[in-house]
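S.K.: Residue numbers (my numbering), protein chains in the order written: chain A, 18 to 498; chain B, 49 to 454.
Here you go, one structure.
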Ligand code: SF4
């Protein structure tokens with residue numbers, strides 16, 4: 018039987034040295050007893066016989082990471098378990114990749130308990146202000162007493178350094194104490210609860226907050242205990258309130274249910290009414306572009322408003338000679354509330370510039386004013402509006418046509434053509450010529466810029482784009498802009 | 049009028065904040081107080097500093113700046129017609145409380161909301177002042193979440209984004225028509241429009257900030273839906289969520305079972321909050337976000353979720369033909385659809401099966417819930433065989449202990 022000694026419960030360096038020697042010497046896990054002898058700490062660190070040259074074997078980095086966590090667990094058999102895994106790794110190198118192996122599963126559970134203990138330490142340390150602390154260079158010095166579930170104090174201290182770099186603080190625990198003086202972290206022997214301050218003036222406020230933020234109608238103490246195990250309660254100033262809060266919760270919730278609503282003061286109701294908005298759509302013909310914008314916002318002529326952010330009315334020069342009609346707002350247009358701002362809008366702008374048509378002298382709108390789409394994961398997929406929706410929305414397009422009175426209307430794509438002409442109009446057969454529309458206006462049909470973005474073949478795309486620019490130029494000439 | 053002391057104000061203004069479900073402090077960019085004058089850090093994952101007897105986590109100082117409000121939303125304790133005690137914090141009081149609590153490690157930061165006083169802009173301005181003072185005067189690097197007032201001007205919302213890690217706008221009711229009935233002064237379009245603007249702003253800032261390697265804007269937004277105050281079905285609620293996630297890239301949609309409030313309006317159901325329903329909605333939401341389910345697969349519009357089984361088991365029972373699944377060979381997407389296998393267990397199965405042929409015991413060790421999984425899987429030592437007869441299987445999987453949530 019071999020005895021391996023560590024200087025402290027969490028002394029990973031000596032564990033590693035000892036384990037390396039034992040394994041190199043072929044000492045089987047059953048033949049090792051692991052002990053910790055703290056008194057050695059003051060005398061001299063244990064010096065395991067240096068490992069023979071053949072001891073230089075490698076283990077997966079994942080094992081070292083796991084072992085560094087596991088050694089912080091309080092279970093006495095953790096050292097033996099780690100050595101057993103190390104031992105087995107020689108014959109079963111893929112053991113480390115098998116989360117279903119019983120030894121690996123147990124080590125993982127221990128590591129998980131350790132990381133949970135560290136997490137709870139981050140959560141449940143409660144600092145108390147030490148007023149006028151002697152010898153401190155800082156105006157404020159804080160100290161806390163904490164009892165971690167596993168030996169995580171040293172490992173968790175850097176978290177508090179990162180968070181409270183500019184304060185002086187100490188965390189006392191039964192295992193070890195850590196102190197930060199805004200420059201250095203010092204570790205010392207475990208302490209006694211009496212060494213920590215016993216109260217803080219803010220605790221009264223904190224308890225007030227704790228008691229008020231809780232909803233008695235949702236009482237669920239089991240879940241609370243699961244997340245905030247009772248072992249920590251002793252050192253949480255708010256925990257003393259728990260029994261009473263639980264006991265009175267049912268009664269408070271019942272009282273809320275039983276109480277009749279009281280009558281609100283007349284004056285307040287009047288004030289409330291003043292603020293009520295009446296946004297109902299009254300159906301009379303819009304007489305200005307502002308009317309159109311307001312009407313689109315509350316329009317319920319078809320169902321598309323439901324899932325869209327907002328109606329997107331047309332915008333541009335109010336008396337433009339040239340009007341562009343697209344299909345419908347896209348994702349970006351729906352969010353921004355403006356037509357043609359997304360990728361298709363940018364492509365449109367570029368083509369307009371190439372055709373020599375200044376956008377600010379035109380009016381740009383869509384056949385359908387709300388974004389039709391379908392949710393797919395975290396995205397929205399565009400869907401083409403159907404004939405019913407285009408027809409419903411013509412009410413607004415017609416109003417815009419009537420108010421702007423353009424000389425030329427460019428229909429971008431089939432849906433736009435349907436909206437303007439009121440009947441399906443194939444693009445291929447009609448593009449490139451001036452069509453006659455009702456009421457003196459001329460019409461030009463062409464591609465939708467989004468279509469140009471989607472043509473897969475590069476050559477075909479370039480050709481379509483050139484045709485598009487040509488159509489825009491024709492429209493510009495017809496309108497005289 | 050008597051001046052309220054700080055403690056009384058805190059009691060009133062945190063009591064008024066307790067109906068807001070969101071509390072999370074995760075998703076902030078990582079930062080520490082190293083090299084600064086102040087304090088605070090965020091490490092990506094939030095920390096719950098306490099749990100209240102309702103089982104909910106306390107990670108932030110969640111308060112209202114004031115619970116005075118000019119509006120009269122029926123479901124809200126702060127509505128103008130409610131006879132609840134009123135209070136108002138000064139900007140400095142909120143700043144001091146946050147700093148004092150933070151130094152003692154009670155909280156991760158601040159969640160500030162408010163009733164609307166005078167105008168949306170006036171109220172929003174005050175809230176922004178709190179965040180600005182924390183960040184600029186005190187170099188506070190902890191978490192800040194601001195609840196936006198939807199009708200406040202876009203400039204103010206954008207300024208809020210400069211100081212907050214997350215912003216939210218509560219849409220509250222899953223259906224626009226119920227919003228119109230219960231909160232007549234709120235416009236669903238205003239709310240959606242504000243969310244849309246915020247998403248554009250977050251997107252705009254994300255790229256340059258990433259390149260510069262520093263924070264410059266809120267990372268995400270979230271919202272809350274109240275469950276059980278109106279007649280909306282679970283299918284409608286989840287459809288709304290799917291729409292919100294897609295349209296505004298929300299970090300989270302919170303579901304809050306409507307709970308009775310003191311001095312409630314007579315237009316509302318005064319009953320115990322439907323907590324189990326809320327729980328099922330979170331499960332379904334989770335399936336949509338992390339397990340590749342679409343809303344129609346889970347529940348149809350106009351229908352409710354089955355309360356007696358979790359939605360994944362419910363789906364499996366309706367799709368018996370897709371099972372059993374061989375854990376040794378099935379692909380990841382398929383494994384994720386097996387009841388009792390969470391994302392972690394699936395990861396571990398994928399790793400372990402390269403090394404070994406998995407048994408039922410192995411499944412248990414990687415964290416599977418065998419009680420739910422066994423009827424749906426094939427392992428080296430197990431095939432479910434005829435166990436899968438539908439009706440008896442359903443009966444076996446119904447979990448009566450879930451009801452003890454109440
Ligand atoms: S798409 Fe047009 S018709 Fe349909 S709701 Fe919107 S504005 Fe009204």
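For every residue, glycine included, the Cβ atom is placed at its ideal position computed from N, Cα and C.
These numbers come from a predicted model, not from an experiment.
1. Rounding to the nearest angstrom, what Cα-Cα distance links residue 131(B) and residue 64(B) in this structure?
2. For chain A, check one thing: does any of its Cβ atoms lie closer than 8 Å to the Cβ of residue 148(B)?
3. Distance cutoff 8 Å, beta carbons only. Does residue 85(B) sit that close to anything in chain A?
4. Under a Cβ-count criterion, where at least 16 other Cβ atoms within 10 Å of its own Cβ denotes burial, should residue 446(A) be classed as buried or exposed?
5. Per DSSP, what kind of secondary structure is residue 58(A) in: helix, strand or coil?
6. Can you give me the C-alpha to C-alpha distance between residue 342(A) and residue 291(B), rounded to a whole angstrom?
7. Determine the direct distance from the alpha carbon of residue 414(B) to that of residue 92(A), and round the result to whole angstroms.
8. Please state whether DSSP places residue 253(B) in a helix, a strand or coil.
9. Identify the continuous beta strand (DSSP E) that holds residue 265(B) and give its terminal residues.
10. Taking the straight line between their C-alpha atoms, what separation do you get for residue 96(A) and residue 80(A)?
11. Which residue marks the beginning of the alpha helix (DSSP H) containing residue 413(A), and which one marks its end?
12. Determine the chain B residues that contact residue 238(A) at a beta-carbon separation under 8 Å, and present them in chain order.
13. Let me know if residue 369(A) comes out buried or exposed under the rule of 16 or more other beta-carbons within 10 Å of its beta-carbon.
14. Looking at the structure shown, is residue 299(A) part of a helix, part of a strand, or coil, going by DSSP?
15. Opposite residue 383(A) in the DSSP bridges: which residues?
16. For chain B, find out if any of its Cβ atoms is closer than 8 Å to the Cβ of residue 210(A); answer yes or no.
17. Is it the case that the region 61 to 78 of chain B contacts the region 296 to 304 of chain B, given that we only count it when at least three CB pairs across the two stretches are under 8 Å?
18. Check the C-beta distance from residue 270(B) over to residue 299(B) and give it rounded, since I have them as a contact under 8 Å.
19. Any idea which residues DSSP pairs residue 272(B) with across the strands?
20. Can you tell me whether residue 35(A) is helix, strand or coil according to DSSP?
21. Could you tell me whether any Cβ in chain A is nearer than 8 Å to the Cβ of residue 88(B)?
22. Output, in sequence order along the chain, the residues in the region 348 to 371 of chain A whose CB is closer than 9 Å to any CB in chain B.
23. Can you grab the Cα-Cα spacing for the pair residue 142(B) / residue 178(B), in whole Å?
24. What residue from 346(B), 217(B) and 350(B) has the CA that sits closest to residue 456(B)'s CA?
25. Cutting at 6 Å between CB atoms, please list the residues of its own chain near residue 53(B), excluding the five before and the five after it.
26. Residues of chain A with CB closer than 7 Å to the CB of residue 75(B), please, in chain order.
27. Just the chain A side, please: which residues come within less than 7 Å of residue 374(B) by C-beta, in chain order?
28. Can you tell me which of 269(A), 382(A), 352(A) and 52(A) puts its alpha carbon nearest to the alpha carbon of residue 235(A)?
29. Going by DSSP in three states, residue 189(A) sits in which element: helix, strand or coil?
30. Thinking C-alpha only, which one of 80(B), 167(B), 115(B) and 321(B) is nearest residue 102(B)?
31. Do residue 317(B) and residue 274(A) have their C-beta atoms closer together than 8 Å?
32. Cα-Cα, which of 278(B), 199(B), 421(B) and 327(B) is closest to residue 315(B)?
33. With distances taken from CA atoms, which of 106(A), 110(A), 88(A) and 157(A) is nearest residue 127(A)?
34. So which residues on chain B does residue 397(A) lean against when the C-beta distance must stay under 7 Å?
35. Going by alpha carbons, who is nearest to residue 159(B) out of 62(B), 255(B), 86(B) and 133(B)?
36. Does the distance from the C-beta atom of residue 246(B) to that of residue 200(B) stay below 8 Å?
M.R.: Looking at the atomic coordinates:
1. 13 Å
2. yes
3. yes
4. exposed
5. Note that residue 58(A) has pLDDT 45, beneath the 50 cutoff, so the model's placement of it is unreliable and the number below is only indicative. Residue 58(A) falls in the helix class under three-state DSSP.
6. 27 Å
7. 21 Å
8. helix
9. Element bounds for residue 265(B): n/a, residue is neither H nor E.
10. 13 Å
11. 404 to 421
12. 101 and 103
13. buried
14. Low local confidence applies: a pLDDT of 43 at residue 299(A) is under 50, so the model's placement there is unreliable, with the coordinate-based value given in what follows. Here residue 299(A) sits in coil by DSSP.
15. 343(A)
16. no
17. yes
18. 5 Å
19. 302(B)
20. helix
21. yes
22. 348, 349, 351, 352, 353 and 354
23. 7 Å
24. As shown, chain B starts at 49 and ends at 454. That puts residue 456(B) outside it, with no answer to give.
25. none
26. Under the 7 Å cutoff, chain A gives no residues; its nearest Cβ is about 14 Å from residue 75(B).
27. The premise fails here: residue 374(B) is roughly 16 Å from chain A at the closest Cβ pair, so nothing lies under 7 Å.
28. 269(A)
29. strand
30. 321(B)
31. no
32. 278(B)
33. 88(A)
34. 294 and 295
35. 62(B)
36. no
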